[in-house]
Every structure is written in structure tokens, then in C-alpha cells.
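Okay, structure first, notes after.
2 protein chains.
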Amino acid sequence: MPENIKICPGYRFAGVHCGLKPGEALDLALLLSDCPAVAAAVFTKNRFPAAPVLYGRRQLAEGSDLRAVMINSGNANACTGHQGEVDVLTVVEVLAAALKLSPAEIFISSTGVIGEPFPVTTVLKGVEPLVSGLEGEALPKADLAAAARAIMTTDQVPKTVGIEIETSQGLVTLTGLAKGAGMIHPDMATMLAYLLTDAEIDRQTWQAMLQRVVDKSFNRISVDGDMSTNDTVLALANGVSGCYLTSSSDLEALEGGLLQIARELAFMIVKDGEGATKVVEIKVVRALNIDAAEKICRAVANSALVKTAFFGQDANWGRIIAAVGYAGVKINPELVNINFDQIRVVTGGVRDPLYQEEDGAAVLRQPEFMVKIDLQSGEDEFTLLTSDLTHEYISINADYRS
Amino acid sequence: MPENIKICPGYRFAGVHCGLKPGEALDLALLLSDCPAVAAAVFTKNRFPAAPVLYGRRQLAEGSDLRAVMINSGNANACTGHQGEVDVLTVVEVLAAALKLSPAEIFISSTGVIGEPFPVTTVLKGVEPLVSGLEGEALPKADLAAAARAIMTTDQVPKTVGIEIETSQGLVTLTGLAKGAGMIHPDMATMLAYLLTDAEIDRQTWQAMLQRVVDKSFNRISVDGDMSTNDTVLALANGVSGCYLTSSSDLEALEGGLLQIARELAFMIVKDGEGATKVVEIKVVRALNIDAAEKICRAVANSALVKTAFFGQDANWGRIIAAVGYAGVKINPELVNINFDQIRVVTGGVRDPLYQEEDGAAVLRQPEFMVKIDLQSGEDEFTLLTSDLTHEYISINADYRS
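Chains as they are written, first to last, in the numbering used here: chain A, 24 to 425; chain B, 24 to 425.
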């Protein structure tokens, strides 16, 4: 974790091992706000929402402020039917009692294997150590790191970020943690993200702001944040800074900060994609409209052949142009230009006369680079982050449950 | 090649090495009909159609009968601009002169790397050996095998099929050859297929028949036949059997035979998908309409996580249900049942109470099996063949050009 990460005042964190993961791996996390926090959330659109998602949706609809969030890895509590929903209620009640809170103040997330019965007694065993972990001397950074580690599934590294922003009311902190992994759209690796601030903000404003930020961050990575049965982005604002933000300039500052931490977490998710060795920005510019730009962007970013070529550091632009061609968007092939970073590769739909294979290959050897597709037919653009597709991806996913 | 393959009378085949592939690998194929053949074709819908596809479309639109088809592997002549189109004309003219045919009777296909200049002089060097290969003693099976081998790219095995059917006019033969490989939809591995018969048939009837057959065969595999820059299915009917088929029962028999050879070739393409070790039939039944059935079928068949679980022989039905959930179709999760062959895995959206993991795993250990998804909400169904996603896929595609 970076040394200079800012930990949002008024929140405490804990991560313990309750037995969902083998060995002693952390598998149960708790985030606690010292006072009721205004909550906003964006959930998966999958038609098989997991039990905690069903519960969380109802809870957010009721509009109660939140105090605690408990997240388990190792089991998704998805496709578990009525029993899964009963298990969520049990967990909420036990945690509420342990924390002396109302059940309505507790939020639950789960990530892991789909369709296995939820091991509720194992999870309940973790509640007492988790709660006692909040007492005693606070070590905010270590505790945040433990919580971030406890929500990991196939992630290789925990993902946290924290910044401060200036507002007219004073300094406000934003801290985030997330888990991701899984790299091919449209697919189902669960993405969970928790964005915390000590600002005070109106509930409707906070929800609208979160939706805009998610659309520009987690929905711009080809991991399919919105497609797993469990995906959840939760944002809490507990107001302990005393900064009640209402002016448009303060709200802009907050939204800018929220977008910054969301984008940093999204970048970390792509970088830590299953087996990924590269982060590639796919940028479609001068499209007729945003919808066309997005379709082309997603076709390229999600092409297994393109992603495998990135892994092979093979400047195989033919695969990119083929993906542009099957994206389902009317284009003029003779106007299409493609750049790898500053290197012009394709001009007017054919190889640029000055392009040297070695120049393109040099770009692809970098751990991060950009593929820019210029359609020369309008003014709209769209950008996505994607990763490469590697042997490691196959190994991770062929053996996930064994 | 199976011993009992039927070679369609009135066609000759040849395959030679002209220098597009390394070593002495065959890379140029010729199919010659002894008399003008009625032609039908289905081409890629990619927005960057390759030069031979542009040429072929015009040619078919003009309606001339065909005598010869030349196919090269090693270079797709795609995204090659005006020069690529000029190169097609050059090749057609040289071949027409060598065969003493009209250029209008020559059909051309290319497959291989996209965006490299078309090595026209290399291809022309192959014309003379190719044409002389047709003379001398005919060895139809060996020659068909050579042609099928010459059109391979990442294919591991040549793909040919031949059957006879009874008609009221007598015996008619159907012979096919194809190349495929590449296993992830939507993507760009080129699919080429040539379906030949000695029946005589009206041109419009032949074209309509081919379109129906392609929709039920090559468009039912998750290889994306219709999405590469070069995909082509060409059907020729040269009438040398003397059987002019016009009655509805004869046309039905022909269409049945055409569908049979197309499906067999499609199956071979999936089985030989890049690195594939399994062929899996995904069948969605009792959907509200065909569109819904197809969307769900494709979401499951194209999921990298599902395909990787097949490779791992992991009965991870949660990934299947998650793909059903993000297919963009309104469903009732509580009605969804899933079978692996005869084993009921999911009942009403949750794990079947009698399901044993070992039973599901036993199905997945087979080289071929079926995943049936029963939506219990209508009467329509859709079926696709798919394969698993393996380490070998990554190796093949990361290093394709090196």
C-alpha cells in the first residue's frame, strides 16, 4: 500500500480469517463508521442477483443510513434461493447484536463461488473476532490493508486508495478499497468497491454523483463490473469532517475526488486482472456518436484474439481492425486510422506507408500503452481499459474451485 | 480422412506449396469443375471485407457460373486497400489463362494474416504447378486431401466430408471441405467452406437453400464464421449427375444432404478449434422466443469463464447461470433448470437437491457433452456448438505471426 494513502477519519476497518478460505487467509472484512453515514450504491444488472444484492437493494431503497459493512470472500451466496436470503438476515442480526446497532444499519456483500450453499455458521464464527478487532489500539493503515485483503478472491494484491481534497468548508478525505480480477467481458468475476468520505452530503446528490462516477470508472474497464451476480459499489459519507457540501463548486470538487479514487481502483483492478501482464487503454475518437464509439471500444477491448496478441507483444493490428469491423457499427473503412501510442500504424484502413513493425512492437513491449482508433467521422469518443489474455488466466480459471 | 468419403463426380482438386507458408507446407488449393457450375455464396458481414470477398460478392451478383476456385492460406489479402483488389484481378487473370477459362468463371479466397501486403508474385508462382497437378492420373481422395490441407491456417487437421443421397432422378453426391480454428465469439478466425454437388439446380433455389443451411450449421458454432474479414461459404452445383432437381421432395433431400455435410464440417471446425479439447452443445429450450434463446445460448457459449471451466473439467454451473443472467434477456430465475447431459444440476435457479458434484464432473470429463438450459417460459429453442478455452489457445494466438 502506498505510504501516503489518506485514511478517512471516522471509519474503522478489520479483516479476519473465519474459515471460508483455506489456511489462514483473511476472508471476512468489516468497515465501521463511527456515526450513521449517508449511503449510495450501484448494483449488478445480472438477472440472477445474489442474496446480499437483493437485500442491499431493498435496504438502499428504504433509505436508512449505514454504520457497518461486512464482506466475505470464498462464497458468493448467489443462486442459493430462499435459504441464501435467510442466511443474509441471520448474519445481519448477529452482527447488529455484536455491534449494538440496528439491523437496518448493516450492509452485507459476498464474493466467491456461485451456487454453493452459504456456510453461515462459518461466517458467524468470524463475527466476534472481527468486532473485537475494532477495539484496542487503532492501526488504521494496517486495518484497512487487512480488510482489503479479506475481500480478495483471485486478486493478487489488495487495492486501496486515499486522497484529500480542498473544499470551501475545509479538508475532506476520500478512501476506497476494491476487489476485482477476471478480465473478459462479458463475464462474471465479481467487482466490489467501497468508497468512503467524511464529507456530509445530501442523499439524492450522493446517489446521482456515484452513478455518474461509476459510469466513468468501473464501467470503463472490460471486467464487467455490472455483470456478475454480486457486483456492488457502495459509497458512504459520514460527515465527521464537519464539511457539509452543497455549493456547486464543492460538489464538483467532491465528485472530482470520487472519480479520481474510483478510477485508481478501476486501474488497479485491470492491472490485477487474472494473469494480466499489461494494461491497455482503448480509445475510439471522432465517432459519429457515443454509442458507436462505445460499441467499437468494447469489441476491441473484449476480443480474445486482440488480448492474446497483446500478451504475445505482437503488433497484429489486423485483429484490431477486424474487431472494429464486426462491432456492429456502420463505418467508413477508408477513413480509419490506428495509433499505438504515438506510432501511426494504420492510415485510411490500410497499413501506414511509413509504419515499421519494430516501432509497433516496441510500444507493445511496455506494461502500459494506448491503442487509438480514429474513425474521422464525427466528434464523439469513448475509452476503456483492458488487459491482455494470458496462460495464467487459463490456469486460474480452469482450476478455480479445485 | 474417412475411407468411405464420397467424392463428387465432375470435380478435380489440387494443393501445392507456393511459398506463403514456411517449409514445404501446402498453401495453395484449386477446385475445378469439369463444366460450369451454378454458384451460391454467403460472405462475411464484417465492415472490412477482404479484397477477394469484395471481388466474390460482385461476381456472384453478376450471376456467372463458375469453373474454378483458388484458395491461398498464409495471407488474408484483407485491409490491403486498392492494391489488394488489383492483386485479386491479377491472380484471376493469370489463373484463367492457365486454365483456358474466362476470368468470370474463377473464384478466389484468401485466409491468413490481415493487413500484410498480398504477396502476389509468390502466389502466381504456384499457379503452374497447381494447374499441372490436375493433369495426369487422377487420385481424387489424395487430391481432395491436399486441397483441404492447403487451406489450413491454425487448423490441426484437414476437414472433408462426402455423402450420397437418393433422389427421384438418381444418386447425387455432396462433397465438402472447410477450414476454421479460432474459438471465441465474436472474433475473426476465418472460416472457409466449399460445398460441392453434381446435382443440377436452379440458381435462386440454390442460393436460398445455402443461406438456410448456413444459418443452421456454420452460424451455429461459436467461431463467428460470419465475422472474419474473409469468411466465405461457396456452394457449387455442376449437374454432371444428370439429376435436375425441381420437385419439392428432391429439393428437400438435397437440402437435407447439404445440411448434413455443412453440420459435419461445422462440428469438425469446433472440434479443431484452437487448442480445443472438448465439443460442447449448448441448448436453450422453452424460451419465450427464438431471439431470447439465441442470446442466452451465445452468452453461455462465448463466456471465457464457462469455456475455461470446461477445460478444467470443473462442473462450475454458477458460471453458466451467471452468463444466462447477463445475456440481456428477461427471465424468471426461479424457473431455470440446467442439465449436463442426463444429469440434472440446477432446478428452479438453485442447485438440484439430488445433484452430486461427482456426477456433473463425470459428464465434463467426456470429449463431447451437452449443457441444456430449460427456461420453462415458452416453446422456442436454440442450439450452438462451442469448445473449451485452453492454454493451447493462448500459445497459438500469442505467437501466431512469429
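The beta-carbon is built from N, C-alpha and C at its ideal position, and this holds for glycine as well.
Where Val386/B falls: helix, strand or coil (DSSP): Within the second sequence, numbered from 1, the residue matching residue 386/B stands at position 363. Helix.
Cys320/A - containing alpha helix (DSSP H), residue span: By one-based count along the first sequence, residue 320/A stands at place 297. Ile313 to Ala324 is the span of the alpha helix (DSSP H), which, as asked, contains Cys320/A.
Helix, strand or coil at Ile28/B [DSSP, three-state]: Taking the second sequence and counting its residues from 1, one reaches residue 28/B at position 5. Residue state, collapsed to three classes: coil.
Cα-Cα separation, Ala119/B to Thr113/B: Within the second sequence, residue 119/B is the residue found at index 96, counting from 1. Within the second sequence, residue 113/B is the residue found at index 90, counting from 1. Ala119/B and Thr113/B: Cα-Cα distance of roughly 10 Å.
C-alpha gap between Arg243/A and Ile419/B, whole angstroms: As a working mapping, residue 243/A is identified with position 220 in the first sequence. As a working mapping, residue 419/B is identified with position 396 in the second sequence. So the two alpha carbons sit approximately 29 Å from each other.
Continuous beta strand (DSSP E) assignments of at least 3 residues falling wholly in the segment 142-221 of chain A: 182-190, 193-202 and 215-220, all fully within the segment 142-221 of chain A.
Start-end ranges of the alpha helix (DSSP H) lying completely within the segment 65-98 of chain B, minimum 4 residues: Here the runs fully enclosed are 74-85.
Beta carbon proximity, Leu408/B to chain A, threshold 8 Å: Counting from 1 along the second sequence, the entry for residue 408/B is found at position 385. Not closer than 8 Å to any Cβ of chain A, the Cβ of Leu408/B fails to qualify, so no.
Cβ of Leu412/B within 8 Å of any chain A Cβ: For the purposes of this step, residue 412/B is taken as residue 389 along the second sequence, with counting starting at 1. Among the residues facing chain A, Leu412/B is included, as its CB has a counterpart in that chain under 8 Å away.
Pair within 8 Å by beta-carbon distance, Val111/A and Leu147/A: Reading the first sequence from its first residue, position 88 is the one you call residue 111/A. Reading the first sequence from its first residue, position 124 is the one you call residue 147/A. With contacts defined as CB atoms closer than 8 Å, Val111/A and Leu147/A fail to qualify as a contacting pair.
Residues of the segment 29-45 of chain B whose Cβ lies closer than 7 Å to any Cβ of chain A, in chain order: The segment 29-45 of chain B vs chain A, Cβ under 7 Å: nothing.
Cutoff 8 Å: Ala251/A Cβ touching any chain B Cβ: As a working note, residue 251/A is residue 228 in the first sequence. Reading the sequence as shown, one finds Ser at residue 251/A and not Ala. For Ser251/A, the answer is yes, since a Cβ of chain B falls inside 8 Å of its Cβ.
Below-8 Å beta-carbon distance, Cys102/B vs any chain A residue: As a working note, residue 102/B is residue 79 in the second sequence. Among the residues facing chain A, Cys102/B is included, as its CB has a counterpart in that chain under 8 Å away.
Short-range partners of chain A found in the segment 120-148 of chain B, where Cβ spacing is below 7 Å: Taking 7 Å as the Cβ-Cβ cut-off against chain A, the residues of the segment 120-148 of chain B that qualify are Val136, Ile137 and Gly138.
Contact under 8 Å by Cβ, Leu49/B with Gly38/B: The sequence position of residue 49/B within the second sequence is 26, counting from 1. The sequence position of residue 38/B within the second sequence is 15, counting from 1. Yes. Within cutoff.
Interface residues of the segment 338-349 of chain B facing chain A [CB-CB below 8 Å]: Closer than 8 Å at the C-beta level to chain A, one finds these residues of the segment 338-349 of chain B: Asn339, Trp340, Gly341, Arg342, Ile344, Ala345, Ala346, Val347, Gly348 and Tyr349.
Of the residues Val143/B, Val237/B and Ser96/B, the one placed nearest Ser132/B, counting alpha carbons only: As a position in the second sequence, residue 132/B is number 109, starting the count at 1. Of the listed residues, the one whose Cα sits closest to Ser132/B is Ser96/B.
Distance, Asn360/A Cα to His414/B Cα: Mapped onto the second sequence, residue 414/B falls at position 391. Mapped onto the first sequence, residue 360/A falls at position 337. Cα atoms of His414/B and Asn360/A: separation of roughly 33 Å, rounded to the nearest angstrom.
Residue environment, Asp341/A, which counts as buried when at least 16 other CB atoms sit within 10 Å: As a first step, residue 341/A is located in the first sequence; it is residue number 318 there, counting from the start. This sequence places Gly at residue 341/A; Asp is not what is there. With 16 or more other Cβ atoms from the protein chains shown falling within 10 Å of its own Cβ, Gly341/A counts as buried.
Contact with chain B by Ala327/A, beta-carbon distance below 8 Å: As a first step, residue 327/A is located in the first sequence; it is residue number 304 there, counting from the start. Using a CB distance cut-off of 8 Å, Ala327/A counts as an interface residue toward chain B.
Against chain A: residues of the segment 67-94 of chain B by CB proximity under 9 Å: Shown in chain order are the members of the segment 67-94 of chain B whose Cβ falls below 9 Å from a Cβ of chain A: Thr67, Lys68, Asn69, Arg70, Phe71 and Pro72.
Cα-Cα separation, Thr228/B to Asn312/B: Within the second sequence, numbered from 1, the residue matching residue 228/B stands at position 205. Within the second sequence, numbered from 1, the residue matching residue 312/B stands at position 289. A direct Cα-Cα distance of roughly 28 Å separates Thr228/B from Asn312/B.
Option in Gly149/A, Ser271/A, Ala127/A and Val347/A with minimal Cα separation from Gln192/A: As a first step, residue 192/A is located in the first sequence; it is residue number 169 there, counting from the start. Answer by Cα proximity: Ser271/A.
Which listed residue (Val368/B, Leu328/B and Tyr416/B) has its alpha carbon closest to that of Val394/B: Taking the second sequence and counting its residues from 1, the one referred to as residue 394/B is at position 371. Taking only the C-alpha atoms, the option nearest Val394/B is Val368/B.
As assigned by DSSP and simplified to three states, the class of Val256/A: Residue 256/A sits at position 233 when you count from the first residue of the first sequence. Note: Val256/A maps to strand in three-state DSSP.
Contact list for Pro356/A against chain B, beta-carbon separation under 7 Å: On the first sequence, residue 356/A is found 333 positions in, with the first residue counted as 1. Residues of chain B passing the Cβ test: Arg70 and Phe71.
Ser132/B, enclosing beta strand (DSSP E) - first and last residue: Translated into positions along the second sequence, residue 132/B becomes position 109. DSSP places Ser132/B in the uninterrupted beta strand (DSSP E) bounded by Ile129 to Val136.
Alpha carbon of Gly42/A to alpha carbon of Gly279/A, nearest angstrom: Indexing the first sequence from 1 puts residue 42/A at position 19. Indexing the first sequence from 1 puts residue 279/A at position 256. For Gly42/A and Gly279/A, the distance between alpha carbons rounds to 39 Å.
Within chain A, partners of Gly401/B - CB distance below 7 Å: If you number the second sequence from 1, residue 401/B lands on position 378. Simply none; closest approach about 16 Å.
Beta carbon of Ser410/A nearer than 8 Å to that of Val308/A: If you number the first sequence from 1, residue 410/A lands on position 387. If you number the first sequence from 1, residue 308/A lands on position 285. No, the pair does not count as a contact, with Cβ atoms beyond the cut-off.
Those residues which DSSP pairs with Arg367/B across a bridge: Taking the second sequence and counting its residues from 1, the one referred to as residue 367/B is at position 344. Paired residue(s): Asn362/B.
Element boundaries [alpha helix (DSSP H), containing Ile344/A]: In the first sequence, counting from the first residue as 1, residue 344/A sits at position 321. Start and end: Trp340 to Gly348.
Amino acids of chain B, ordered along the chain, whose beta-carbon sits closer than 7 Å to that of Val373/A: Walking along the first sequence from the start, residue 373/A turns up at place 350. Within chain B, the residues near Val373/A are Cys102, Thr103 and Gly104.
Burial state of Ser264/B (16 or more Cβ within 10 Å): Within the second sequence, the letter at position 241 stands for residue 264/B. Counting every other CB atom within 10 Å of its CB across the protein chains shown gives Ser264/B a total of 16 or more, marking it as buried.
Ile396/A versus Gly135/B - alpha carbon distance: Stepping through the first sequence from its first residue, residue 396/A is reached at position 373. Stepping through the second sequence from its first residue, residue 135/B is reached at position 112. Our two residues, Ile396/A and Gly135/B, have alpha carbons roughly 23 Å apart in a direct line.
Rounded separation between Leu157/B and Phe36/B - CA only: Taking the first residue of the second sequence as position 1, residue 157/B is located at position 134. Taking the first residue of the second sequence as position 1, residue 36/B is located at position 13. Using only the alpha carbons, I get a separation of about 7 Å.
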